[in-house]
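In this note's numbering, the protein residues as written are 78 to 160.
Shown next, in the form of structure tokens:
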């Protein structure tokens, strides 16, 4: 159950960070504050050091995976006939 909790929070936090990094409007800061609030909420509920480290590490890894997936999506969208 702990694993799914960490993965769930990390997916949401990584998605919020992805939106923060891709949006060029003032609205981007809402997503940044959402990720910060979610991180604080997670740290309040889970006080073990291992879960906190797993949360941060998983969030960073998922953020990079989501960013690469989004870049591939944009590439395919801009080049519909292929490379």
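Here a beta-carbon is modelled for each residue, glycine too, at the ideal position from N, C-alpha and C.
Query	Result
Helix, strand or coil at residue 101 according to DSSP, with G and I counted as helix	coil
Among 98, 142, 123, nearest to residue 88 - alpha-carbon criterion	142
Straight-line gap, residue 154 to residue 127 (C-alpha atoms, nearest Å)	40 Å
Sub-8 Å separation of residue 147 and residue 99 beta-carbons	yes
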